[in-house]
Amino acid sequence: MKKKITNAFTVKDAALLEWALKDVEPLPGRSFQSSVETLRNEKNNVKHHSKKTQPLDSTLKIRDNREIIKPEKSLLHGTSTGLDKRSAQRMRRGKLGIEARLDLHGRNQDEAYRELKDFIFRTHGQQKRLVLVITGKGNKDFGFDTKKRVGVLREMVPKWLNEQTIRDLIISFDYATQKDGGYGALYVLLKKNKILE
Numbered sequence: 114m115k116k117k118i119t120n121a122f123t124v125k126d127a128a129l130l131e132w133a134l135k136d137v138e139p140l141p142g143r144s145f146q147s148s149v150e151t152l153r154n155e156k157n158n159v160k161h162h163s164k165k166t167q168p169l170d171s172t173l174k175i176r177d178n179r180e181i182i183k184p185e186k187s188l189l190h191g192t193s194t195g196l197d198k199r200s201a202q203r204m205r206r207g208k209l210g211i212e213a214r215l216d217l218h219g220r221n222q223d224e225a226y227r228e229l230k231d232f233i234f235r236t237h238g239q240q241k242r243l244v245l246v247i248t249g250k251g252n253k254d255f256g257f258d259t260k261k262r263v264g265v266l267r268e269m270v271p272k273w274l275n276e277q278t279i280r281d282l283i284i285s286f287d288y289a290t291q292k293d294g295g296y297g298a299l300y301v302l303l304k305k306n307k308i309l310e
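Residue numbers (our numbering): 114 to 310.
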């Protein structure tokens, strides 16, 4: 039996559309008219009950795991252990506030590794949550080589973040948005320091 398809555009649909388009600017000479108020006036006999929701800028929600599970696999860009989907999306889009930065430009591998490790331990101890690690994009001169060369630090930092001593302090990491460095930088989300709480 086929379900009956209706084309009814509800107040809830209009509110969702308006929320999705909140950051969109209208073309010059055009304005955006709220369809929510129009529908509410047309359907004033429909009662709309909404759940109490938290504001978009609420704190990160970490899934409550009763036991600490050691990671079986290495973290990859954009994967996380225990981070809810919405918070992960906000991190990827650069919507969470960066609390500390580390610029590794001009460092050799040994210096960069030491600085990264010290930085992660120090910021974790300071109860910082989201940090930015700038690696740089690497050499842009690809020459006749068919394989594009990736910067050494850009390739190595994710591997270092997966070393057990550092990995135990990290929930997730991902490439930064273009405004924060794009593929030449990483957002690193640190776990809460439970010792200091």
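For glycine and all other residues, C-beta sits at the position ideal for the given N, C-alpha and C. Computed from a predicted model, the values in this text were never measured in an experiment.
Taking 8 Å as the threshold (C-beta atoms), are residue j and residue i in contact?
i      : j      : result
Leu217 : Leu266 : yes
Glu228 : Leu245 : no
Tyr300 : Phe286 : yes
Lys292 : Gly207 : yes
Asn306 : Gly251 : no
Classify residue i as helix, strand or coil using the three-state DSSP reduction.
i      : result
Ser163 : In this prediction, Ser163 scores a pLDDT of 41, lower than 50, which makes its location untrustworthy; the coordinate-derived value is nonetheless stated afterwards. Of the three classes helix, strand and coil, the one that applies to Ser163 here is coil, per DSSP.
Arg199 : helix
Asp177 : Below a pLDDT of 50, predicted positions are generally treated as unreliable, and Asp177, at 43, falls in that range; the measurement from the model is reported next regardless. Reduced to three states, the DSSP call for Asp177 is coil.
Ala289 : coil
Arg214 : strand
Asn158 : Only weak support is given to the placement of Asn158: the predicted model assigns it a pLDDT of 40, under 50, and the question is left unresolved by the model.
First and last residue of the beta strand (DSSP E) that includes residue i?
i      : result
Leu245 : 243-247
Any Cβ of chain D within less than 8 Å of the Cβ of residue i?
i      : result
Asp287 : This model lacks chain D altogether; it includes just one protein chain.
Considering just the uninterrupted stretch of the alpha helix (DSSP H) at residue i, what are its terminal residues?
i      : result
Val301 : Taken as a continuous stretch (DSSP letters only), Val301 belongs to no alpha helix (DSSP H), being part of the beta strand (DSSP E) at 298-303.
Glu268 : 265-274
Glu228 : 222-238
Arg280 : 277-280
Please name the residue in the options whose C-alpha comes closest to that of residue i.
i      : options                        : result
Arg242 : Ile284, Met269, Gly251         : Ile284
Thr248 : Gly294, Met204, Lys208         : Gly294
Leu303 : Gln291, Gly297, Ala289, Leu274 : Leu274
Met269 : Glu224, Thr290, Ala128         : Glu224
Asn221 : Glu212, Thr236, Gly264         : Gly264
Glu212 : Ile233, Leu129, Gln202, Lys198 : Ile233
Asp231 : Ile279, Ser200, Lys272, Arg205 : Ile279
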